[in-house]
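Enquirer: Under the working numbering, residue 225 is the last one in the sequence shown; the count climbs by one each step, no gaps. Below is the structure I would like to discuss, written out as structure tokens.
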Amino acid sequence: MEIKKLEAAVEAILFAMGDSVEVSRLAKAIEQDTETTRKLVRNLMLKYKEEDRGIQIIELENAFQMCTKQEYYDCLVRIAMQPKKPALTDVMLETLSIIAYKQPVTKLEIEKIRGVKCDHAVNKLVEYNLVQEVGRLDGPGRPILFGTTEDFLRHFGIHSTDDLPVISPVKMEDFKAEAEEEIQLKLDV
């Protein structure tokens, strides 16, 4: 294998492993002897230093590890402090799909469909900007109506709610039968 390919293999291994990798294991992986492997890695270390890269390879006793340079720790802390992309639980996905297909919809309507309270799920979806208040129902108490946002469309890669998948009538009948079975089981208990 040519040197560039061997260096690329070493980079891939050190990157993927995350922790330190003993020279003997690294040598075995790239099918080279330990001394050749050690020289290869040290050469890579020099290249990273000369190119002033944000990553480096460090030597720890009889092992090597790829890591970030200490001078960039502040950048890493800032990125780690940024909120992550929201993780949607099954409950939130179920609530979101009800809102997407039935919008504008009230919490009470969502709860009728789901059979349980949905305050937390709706609040999280609003917090993640996937759902928003779109008005109030003209009725007693004037409950809030919820609908999806542009972020919802972007997040799911659709141009409008008209692009949402249509549930086939056969599937719909299966869902109804399944729901009726669940209700019957609860009544029998």
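Here a beta-carbon is modelled for each residue, glycine too, at the ideal position from N, C-alpha and C.
Mind pulling the beta strand (DSSP E) runs of 3 or more residues that sit fully within the stretch 153–196?
Expert: DSSP runs (the beta strand (DSSP E)) wholly in the stretch 153–196: 167–172 and 180–184.
Enquirer: Which whole-angstrom value describes the C-beta separation of L166 and H191, a residue pair presumed to lie in contact below a C-beta threshold of 8 angstroms?
Expert: Translated into positions along the sequence shown, residue 166 becomes position 130. Translated into positions along the sequence shown, residue 191 becomes position 155. Indeed, because the Cβ distance is near 6 angstroms, the residues count as touching under 8 angstroms.
Enquirer: Can you pull the DSSP bridge partners for Y99?
Expert: Taking the sequence shown and counting its residues from 1, one reaches residue 99 at position 63. According to the sequence shown, residue 99 is Ala rather than Tyr. A99 is bridged to E58 and L96.
Enquirer: Sort S56, R61 and K138 by Cα distance to F100 and report the nearest one.
Expert: Taking the sequence shown and counting its residues from 1, one reaches residue 100 at position 64. The shortest Cα separation from F100 among S56, R61 and K138 belongs to S56.
Enquirer: Can you give me the Cβ contacts of G171 inside the same chain, cut-off strictly under 6 angstroms, excluding the 5 residues immediately before and after it?
Expert: As a first step, residue 171 must be located in the sequence shown, where it is residue number 135. These residues qualify, in order along the chain: L181.
Enquirer: What does the alpha-carbon distance come out to for the pair S133 and P179?
Expert: For the purposes of this step, residue 133 is identified with residue 97 of the sequence shown, where counting begins at 1. For the purposes of this step, residue 179 is identified with residue 143 of the sequence shown, where counting begins at 1. Roughly 20 angstroms between the two C-alpha positions.
Enquirer: Determine the extent of the alpha helix (DSSP H) in which Y108 is found, giving its start and end residues.
Expert: As a working mapping, residue 108 is identified with position 72 in the sequence shown. Unbroken run through Y108: none, as it is neither H nor E.
Enquirer: Roughly how many angstroms separate the alpha carbons of L76 and G90, rounded to a whole number?
Expert: Within the sequence shown, the letter at position 40 stands for residue 76. Within the sequence shown, the letter at position 54 stands for residue 90. For L76 and G90, the distance between alpha carbons rounds to 20 angstroms.
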